[in-house]
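Novice:
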Amino acid sequence: MSSVQAEEAYVWAFFTGEGQGAEKISIAASKGNDALAWNTLNDGNPLIESTEGTGGLRDPFIIRSHDGDRFYMLATDLKVAGLPGGFTTAQRTGSKYLEIWESTDLVSWSEQRHVKVSSDYAGNTWAPEAYWDAELGKYVVYWASNLYDTVDSADRTSLTYNRMMYVTTDDFVTFSEPRVWIDSVRKSGTDGLGTIDVTVAEEDGVYYRVYKDEGDMTLREEKSTVLTSTVSGDLPGAEGAPDQWTLITERIAAGLPNGVGTNTFVHGEGPSIFKANADDINGAAWYLFIDQPDYHGGPNHYVPFATDKPLADTSAADWYSAAAKLSSNLPQNADGGRPRHGTVIPVTRAEYQTVLLALQPDIAVSAVEQVSVTTTLNTQPWLPSTVELTMADGSVQEAGVTWAPITAESLASPGQIRVRGTAANDTREPVEAVVTVLPVNEPDSEPSPVPTPSPTRAASGESPTPAQAATGTPMTRAQESAAAAAPVPTSAPPSQNPASVNSTTAAPIRRDDNAGSGGRGSLPKTGTGLTGLLISVAFVGGGCVLVALRNSKRGLYSHPDPR
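For the sequence shown, the numbering used here assigns the number 1008 to the initial residue and increments by one for each residue that follows.
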């Protein structure tokens, strides 16, 4: 992936539980650059069903290749629904295979590869993940297995315990022989209790891993400079060499709200750790999503936690619950299922657009209304409070827009500035206004006195629409257009320095009209439409108001072609 392609959204792969039809892979997309608000995709239907092995898919994990040209997806070969003995049987006589796909766009996936990675002595191959180890020059793939002293599953009368295993690979086609990564019995005398569900992150040359300790069904966090360093016997303590795994914290997030009433999180599994995008609206540095199924006293979906600090500076007390927001913004499948163990992966805007176009075109934006405003030196322009979005399915939505602040410094000299905004629709589509700052001696039109805007709007600093500024009351876009087309008085106080703008509504620019592969396209040079007014107000001594008229130029620009 090119370094100039910032990651501005997220994609989430998951399964939804043990029920009939739930052990399939579903995909969701965030609402723009917000890891705590999500769009359901594919009309709530799973994207991938297994054609191999047990016929079930759980715990999907997506990794971007180290050179950025593709994605790999791994999943557990397990179908609990209808399995006599359930998880116990699955750990004694379960699969030795991983299910693997690859894709260049997160939409079109290769044929499923059913790949044996466990030895014949393994009883299960659960929750695979992978991480690129730059020192090894290979991917390290890891999962959990019960290991037995016999290859005949009929002779396995009881479970052993889950060990974390790993292999290495260059291509997710051929793999090294499996090795034990973590080998620790977590509760003496109890079958099957070890360590499972490792998730890994790297920061400044240090690896961090979070996993489930089956001894008390809670989460641990450890660190090491060597990813493949092994653990045997007792789990690591806080002291040790940098190239060995050492403990950061146990029982992560225990006692924090889980988003359901006054309930709290204690037990969980299936953690997924990922770095927040640079402009994620929540301000987090890292997220840790933890699956809390009903058999662990949870809501049967992921519970999110976050830290605002680098991982190197994050202690147990620095993780906080973000469940209040996510619990009301989760994706939900058509059958009611919500995300269980899976992966959240940051994506670029182009990758995000590709996913929306393919899987939910009614929320994919194909063209965005563009706003051009002319103002004078040191005069704040008023930008529209809504924009029109043309969706990929042909529909048009009017969405509110939040504009970034315009600094006084940027208005202090003539020229053009670009103001970024965000549409308040399900994609949080980026919006842009071009503001031309003119010298005060170059007015485009004569100013006119107009009614004073309402004190409430002026005091709040909210940008009124042209019609709202003229009447002091909210209006629809149709009313606004009618008001904008009405005659305006032409006299003005001689001391007033107006800035003016023209309003032009143009047809959307098709993708093949864009100038350049990554640009927004350009406004048509000609067009017809309505002329609207923007009114600039400044309060001066004695309660007087100085008013300047400006026009706003609106057009449509197309969404960049994700290809």
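The C-beta atom is built at its ideal place from N, Cα and C for all residues, glycine as well.
Please read these numbers as outputs of a predicted model, since none were measured by experiment.
On the criterion of 16 or more Cβ atoms from any shown chain inside 10 Å, does K1316 qualify as buried, or is it exposed?
Specialist: The residue is exposed, with fewer than 16 neighbouring Cβ atoms inside 10 Å.
Novice: I need the boundaries of the beta strand (DSSP E) containing E1228, first residue and last residue.
Specialist: From DSSP, the beta strand (DSSP E) with E1228 extends over T1225 to S1231.
Novice: Who does Y1214 pair with in a DSSP beta bridge?
Specialist: Partner(s): E1209 and S1231.
Novice: Taking the alpha carbon of Y1013 as the point to measure from, which residue in Q1027, E1056 and A1285 has its own alpha carbon closest?
Specialist: It is Ala, not Tyr, that sits at residue 1013 in the sequence shown. The option with the nearest alpha carbon to A1013 is A1285.
Novice: So, under 8 angstroms CB-CB, V1148 and P1135 are touching, yes? Tell me the CB distance rounded to an integer number of Å.
Specialist: Rounded, the Cβ-Cβ distance is 6 angstroms, consistent with contact.
Novice: Which residue from E1439, V1205, G1422 and P1446 puts its Cα closest to that of A1430?
Specialist: Closest option to A1430, Cα to Cα, is E1439.
Novice: Please state whether the Cβ-Cβ distance between A1399 and A1371 is less than 7 angstroms.
Specialist: Contact flag set, yes.
Novice: If R1193 and E1221 are in contact, beta carbons under 8 angstroms, what's the gap, nearest whole angstrom?
Specialist: Going by Cβ atoms, the distance from R1193 to E1221 rounds to 5 angstroms, so yes, they are a contact pair.
Novice: With distances taken Cα to Cα, identify the nearest neighbour of A1341 among A1016, A1020 and A1029.
Specialist: Per the Cα distances, A1029.
Novice: Using only the alpha-carbon positions, how far apart do S1110 and T1176 sit?
Specialist: Distance between the alpha carbons of S1110 and T1176: 17 angstroms.
Novice: Go ahead and label A1555 buried or exposed: buried means 16 or more other beta carbons lie within 10 angstroms of its beta carbon, across all protein chains shown.
Specialist: Confidence at A1555 is low in this model, with a pLDDT of 37, below 50, so its placement is unreliable and no value can be given for it.
Novice: Run through DSSP, which three-state label would R1120 get?
Specialist: Correct three-state label for R1120: strand.
Novice: Assuming Q1098 is part of the alpha helix (DSSP H), what are its boundary residues?
Specialist: Per DSSP, Q1098 belongs to the alpha helix (DSSP H) from G1093 to R1099.
Novice: Tell me, please, whether the stretch 1326-1340 touches the stretch 1075-1082 by the rule of three or more beta-carbon pairs shorter than 8 angstroms.
Specialist: In short, these stretches do not touch, since the Cβ pair count stays below three.
Novice: Do Y1218 and T1202 count as a contact pair if the criterion is CB distance below 7 angstroms?
Specialist: A contact, by the Cβ cut-off of 7 angstroms.
Novice: From the DSSP secondary-structure annotation, give me the bridge partner or partners of Y980.
Specialist: Not covered by the structure: residue 980. The range shown for the chain is 1008 to 1570.
Novice: With a CB to CB cut of under 7 angstroms and the five nearest residues on each side skipped, what residues in its chain are close to W1002?
Specialist: Limits of the chain in this structure are 1008 at one end and 1570 at the other, which puts residue 1002 out of reach.
Novice: Report the rounded CA-to-CA distance for A1141 versus S1072, giving the unit in angstroms.
Specialist: If you take the alpha carbons of A1141 and S1072, they lie about 12 angstroms apart.
Novice: Among all the DSSP beta bridges, which residues are the ones paired with K1316?
Specialist: Answer is none; K1316 lacks a bridge partner.
Novice: When you compare the CB positions of P1338 and A1042, do they come within less than 7 angstroms of one another, or not?
Specialist: Cβ atoms of P1338 and A1042: not closer than 7 angstroms.
Novice: Helix, strand or coil: which one does DSSP assign to R1071?
Specialist: Correct three-state label for R1071: strand.
Novice: What residue range is occupied by the uninterrupted beta strand (DSSP E) comprising L1366?
Specialist: Element bounds for L1366: not the beta strand (DSSP E) but the alpha helix (DSSP H), R1356 to L1366.
Novice: Given 8 angstroms as the limit, is there contact between the stretch 1304-1323 and the stretch 1365-1379, that is, 3 or more CB pairs closer than that?
Specialist: In short, these stretches do not touch, since the Cβ pair count stays below three.
Novice: Report yes if the CB atom of Q1098 is closer than 7 angstroms to the CB atom of N1153, and no otherwise.
Specialist: Cβ distance < 7 angstroms, so Q1098 and N1153 count as in contact.
Novice: In the DSSP assignment, find the unbroken beta strand (DSSP E) run with A1134 in it and report its ends.
Specialist: W1133 to D1140 is the span of the beta strand (DSSP E), which, as asked, contains A1134.
Novice: Assuming A1260 contacts F1179 (C-beta within less than 8 angstroms), just tell me the rounded distance between them.
Specialist: Not a contact, Cβ separation roughly 32 angstroms.
Novice: Excluding the five sequence neighbours on either side, which residues of its own chain have a C-beta within less than 7 angstroms of the C-beta of T1256, listed in chain order?
Specialist: Counting only Cβ-Cβ distances below 7 angstroms, and skipping sequence neighbours, we find E1228, S1322 and A1323.
Novice: Leaving aside the five residues before and after W1019 along the sequence, list all residues of the same chain whose C-beta is less than 6 angstroms from its C-beta, in chain order.
Specialist: Result list for W1019: A1035 and V1351, in chain order.
Novice: When burial is assigned at 16 or more other CB atoms within 10 Å of the CB, is L1418 buried or exposed?
Specialist: Burial call: buried.
Novice: Measuring straight from C-alpha to C-alpha, what distance separates G1343 and G1305?
Specialist: If I take the Cα positions, the gap works out to 16 angstroms.
Novice: Check I1288 in the structure and name its three-state DSSP category.
Specialist: I1288: coil per DSSP, three-state reduction.
Novice: Assuming contact is defined by CB atoms lying nearer than 7 angstroms, are V1158 and R1170 in contact in what I supplied?
Specialist: Their beta carbons are not under 7 angstroms apart, which means V1158 does not touch R1170 by this criterion.
Novice: With R1427 and A1411 assumed to form a contact (beta carbons below 8 angstroms), what rounded beta-carbon distance in angstroms separates them?
Specialist: Indeed, because the Cβ distance is near 5 angstroms, the residues count as touching under 8 angstroms.
Novice: Would you call the CB atoms of G1266 and S1334 closer than 7 angstroms?
Specialist: Taking 7 angstroms as the Cβ cut-off, G1266 and S1334 qualify as a contacting pair.
Novice: Determine the direct distance from the alpha carbon of S1279 to that of W1293, and round the result to whole angstroms.
Specialist: Going from the Cα of W1293 to the Cα of S1279 covers about 11 angstroms.
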